[in-house]
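Peer 1:
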Amino acid sequence: MRDLRVGDVLTLDGKDYLCEGVVGYDEDGHRWIAGRIVDGTDERWLLVGIERAGGSSLRLLTRDASVDVSGYP
56 MRDLRVGDVL
66 TLDGKDYLCE
76 GVVGYDEDGH
86 RWIAGRIVDG
96 TDERWLLVGI
106 ERAGGSSLRL
116 LTRDASVDVS
126 GYP
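Set out below in structure tokens:
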């Protein structure tokens, strides 16, 4: 799963998600990626390998629409 790429299709809970973008992170050899996946109006982020402890971890995140994140930080 560490090969998540733009254009990949993932099936999760009976839905087909299209990966529209990928962000890669590397901090002194610790690498993880996050992919923006969408199915119609359902938008999520899939994080792969964010845990520093062994093994490959996956996290599926859903945006909280009640929190307004806009503008320059």
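Here the sequence shown is numbered in the working numbering, starting from 56 and rising by one per residue.
The C-beta atom is built at its ideal place from N, Cα and C for all residues, glycine as well.
It should be emphasised that the depicted structure is a prediction, and the values quoted were computed from it without experimental measurement.
Taking the beta strand (DSSP E) that residue 94 belongs to, which residues open and close that run?
Peer 2: Residues 85–94.
Peer 1: Compute the distance between the beta-carbons of residue 75 and residue 64, then report whether it is under 9 angstroms.
Peer 2: The answer is no: Cβ separation not under 9 angstroms.
Peer 1: Whose CA, out of 67, 127, 68, 58, lies closest to the CA of residue 77?
Peer 2: Among 67, 127, 68, 58, the Cα nearest to that of residue 77 is on 58.
Peer 1: Please report the distance separating the alpha-carbon of residue 113 from that of residue 105.
Peer 2: Distance between the alpha carbons of residue 113 and residue 105: 8 angstroms.
Peer 1: Have a look at the DSSP bridge pairing and note the partners of residue 126.
Peer 2: Beta-bridge pairing links residue 126 to no other residue.
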